[in-house]
Amino acid sequence: VNVTGPGKDGRAVDEDVVINAVSGAVVQRLPNIYTLKSREVYDVNHGGSANLPGTLVRAEGGAAVADSTVNTNYDLLGTTYDCYKSLFNRDSYDGAGSKLVSSVHYGSGYANAAWSGSKKQMLYGDGDGVTFGNMVNALDVTAHEVTHGLTISTSNLLYFAEPGALNESMSDIMGSVCEWYRNGQVVNANTWKCAEEIYTPFTSGDALRYMNDPRLDGQSLDYYDQTFSPFTDVHYSSGIPNLAFYLLSQGGQHPRGRSTLVVRGIGIAKAAQIFHRANTVLLLGKTMATFADAKLATEQAAAQLGYGPADIASVTAAWQAVGVGT
Ligand code: ASN
Ligand code: ZN
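Just so you know, the sequence shown maps onto residues 90 to 415 in our numbering.
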């Protein structure tokens with residue numbers, strides 16, 4: 090018997106189940122046909138924070154509209170939702186099916202995108218046309234902003250110093266993971282680049298950040314030592330955990346010889362599970378978590394996920410290769 094019924098939001102249920110006709114017990118869960126995905130894309134029409142969210146242009150299930158910025162944002166929010174649901178069985182950023190609310194055409198020539206913690210929504214600028222094209226056009230940026238909403242509702246890492254670097258890094262990591270997910274769970278040349286689709290439209294091949302070699306951007310850090318300052322912009326200090334995640338996934342050595350350790354890569358699929366579990370379970374409510382706390386949390390997450398000693402050793406080595414732990 091295929092059972093469908095109203096989900097918690099009154100729309101289609103998120104699973105089909107086979108039930109025993111006599112006892113009513115669920116004997117098999119079938120792949121989801123419907124999900125609880127719920128998006129709302131608004132046009133703030135070049136207004137600022139006082140004008141949010143603006144006019145609702147496309148809600149869940151609505152047909153494509155005339156504005157391609159709205160449609161692209163809607164689609165990439167959908168890909169991000171699907172990535173989280175499919176890889177982590179997580180229902181939206183808060184795990185409770187909350188709507189993904191987004192406003193496009195924020196500001197004028199605004200070359201940024203953000204998650205507003207107070208408004209529980211995202212905003213996307215059109216870019217300035219020189220450093221950035223339209224901010225909606227990069228899946229990793231969209232997944233990055235959604236992940237800020239997730240982090241606020243889980244670890245709630247402070248946006249400063251080491252927890253801030255970890256907060257930013259969780260967003261960059263899940264940006265890469267969602268790109269990998271969209272690419273059929275295959276790593277390609279763009280997987281480890283951040284915002285490559287929109288960064289410097291007149292220069293091809295570059296990116297805002299590089300997870301595999303953070304110093305390629307000229308500012309990000311890639312090793313934790315005495316020179317680390319808590320005052321470093323979290324978008325640069327995030328390079329340290331970003332590189333740890335890359336090394337855990339792909340394996341290899343520190344790209345600039347800061348460590349002689351050779352990390353055995355475990356693949357992005359397992360690495361993603363480990364970092365997601367660390368952020369949502371082991372670091373739950375750990376607003377002040379340090380890099381050392383994240384190392385321990387990811388080691389424990391790997392063990393809880395049932396990964397073996399060699400994988401756990403890779404987690405340890407990935408952090409050691411960026412200067413965290415001995
Ligand atoms: N795009 C930035 C981010 O999500 C916005 C900011 O600097 N907070 O990290
Ligand atoms: Zn961020």
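C-beta: ideal position from N, C-alpha, C; glycine also.
Item                                                                                                                                                              : Value
Does the Cβ of A155 have 16 or more other Cβ atoms within 10 Å, making it buried, or fewer, making it exposed?                                                    : exposed
Go through the residues and name those whose CB comes closer than 6 angstroms to any heavy atom of the ligand ZN, in chain order.                                 : H233, H237, E257, S260
Please state whether DSSP places D132 in a helix, a strand or coil.                                                                                               : strand
In three-state terms, what does DSSP make of K282?                                                                                                                : strand
In terms of residues, what are the limits of the beta strand (DSSP E) holding V190?                                                                               : 189-195
Quick check: is any heavy atom of the ligand ASN less than 8 angstroms from the C-beta of A296?                                                                   : no
Taking 9 angstroms as the threshold (C-beta atoms), are K208 and L141 in contact?                                                                                 : yes
By the three-class DSSP mapping on this structure, what secondary structure does S327 have?                                                                       : coil
Rounding to the nearest angstrom, what Cα-Cα distance links S197 and N134 in this structure?                                                                      : 9 angstroms
Using a Cβ-Cβ cutoff of less than 6 angstroms, which residues in the same chain neighbour P77 once the five nearest sequence positions on both sides are dropped? : Lying before the first or after the last residue shown, residue 77 is absent from the chain, which here runs from 90 to 415.
Note down the Cα distance separating G206 from L212, rounded to an integer number of angstroms.                                                                   : 11 angstroms
Three Cβ pairs or more, each shorter than 8 angstroms: is that satisfied between the segment 152-168 and the segment 214-232?                                     : yes
Consult DSSP for A155 and reduce its assignment to one of helix, strand or coil.                                                                                  : coil
Between the alpha carbons of E268 and D171, how many angstroms are there, rounded?                                                                                : 12 angstroms
Jot down the residue ranges of each uninterrupted alpha helix (DSSP H) in the segment 356-382, minimum 4 residues, whole runs only, in chain order.               : 357-366
Is there at least one non-hydrogen atom of the ligand ASN closer than 8 angstroms to the beta-carbon of V230?                                                     : yes
Would you kindly work out how many angstroms separate the C-alpha atoms of I122 and Y270, rounded to a whole number?                                              : Unreliable positioning characterises I122 in this predicted model, as indicated by a pLDDT of 46, which lies under 50. A coordinate reading is not provided.
Please state the DSSP three-state secondary structure of L255.                                                                                                    : helix
Nearest CA to the CA of G137: which residue from A153, N368, V351, A203?                                                                                          : A203
If we call anything under 9 angstroms between Cβ atoms a contact, is I355 one with G340?                                                                          : yes
Could you give the distance in angstroms between the alpha-carbon of V413 and the alpha-carbon of F380?                                                           : 7 angstroms
Give a yes or no on whether the C-beta atoms belonging to A399 and V352 are separated by under 9 angstroms.                                                       : no
So, helix, strand or coil for L145, using DSSP?                                                                                                                   : strand
Over what stretch of residues does the alpha helix (DSSP H) that includes A402 continue unbroken?                                                                 : 398-410
Alpha carbon to alpha carbon, how far is L336 from L371?                                                                                                          : 21 angstroms
In terms of alpha-carbon separation, which member of T349, E234, F221, A367 lies closest to T429?                                                                 : Any answer about residue 429 is impossible in this case: the structure gives the chain only from 90 up to 415.
Check the DSSP bridge columns for K296 and list the partner residues they point to.                                                                               : Before going on, a small fix: residue 296 reads as Ala here, not Lys. In DSSP, A296 forms no bridge with anything.
To the nearest whole angstrom, what separates the beta carbons of S192 and G143, a pair I think is in contact under 8 angstroms?                                  : 5 angstroms
Could you tell me if N223 is buried or exposed, where buried requires 16 or more neighbouring beta carbons within 10 angstroms of its beta carbon?                : buried
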